[in-house]
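Worksheet: one structure, shown below.
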Amino acid sequence: MKATVGTFVFALLAMGVFGTAGAEQSGGTNVGEQLPPNVRVLLIQEMQAILKASEQIQAAIVQGDHETVAQEAQAIHDSFIMEQQMTEADKQALLAVVPEAFLERDQALHELSEELAEAGRDQDTTRQLQQFSEMIQGCVGCHSRHATARFPGLSTSQP
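The sequence shown lines up with residues 41 to 199 when you count with our numbering.
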């Protein structure tokens, strides 16, 4: 599977970048301790951007603000921070730690965010709700399987 650096972000969010305890119990790999500090900082910035975009998307959907839905979903898809700021060495450090299963989950997130952006451009609120719900379900599913140390409230959930 061909994946861009931008596609790694949500996978790393799902892995709980900051700790290692409990990763084995959840069946996942927690890479925070293995990442170089500068890569961790970039990932934190990207995760914060995804969270902010998701919050804005939710508000925009309920307000019928299709343009904002499209813009913010496209920003998640494009993951512009990672693309602009990672060196080749940073990318290699990331690839050395990230399992294929996380890349697949992350790729799915980015595909959903592109579909959500398209629904925004089409002004299709029903599709926006569906795509956004699927994105959030993917987040919870990943966190409950692979980041219970970071999100212990999801340790018994398996959506």
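C-beta atoms are modelled at their ideal positions from N, C-alpha and C, and glycine is treated no differently.
Computed from a predicted model, the values in this text were never measured in an experiment.
Assuming the contact rule is C-beta atoms closer than 8 Å, residue i and residue j should be a hit. Round their C-beta distance to whole Å, please.
i, j, result
"A157", "A113", "4 Å"
"V180", "L169", "That pair is no contact at about 16 Å."
"M126", "L82", "6 Å"
"S119", "E86", "6 Å"
Between the beta-carbon of residue i and the beta-carbon of residue j, is there less than 8 Å?
i, j, result
"Q163", "H106", "yes"
"V79", "L134", "yes"
"F191", "I101", "no"
"A115", "A93", "yes"
For residue i and residue j, what's the separation of their Cα atoms in angstroms?
i, j, result
"Q88", "T165", "25 Å"
"R185", "P139", "14 Å"
"A110", "I84", "23 Å"
"L75", "Q132", "11 Å"
"E95", "A136", "31 Å"
"Q177", "E151", "14 Å"
"R145", "R167", "21 Å"
"A189", "A141", "18 Å"
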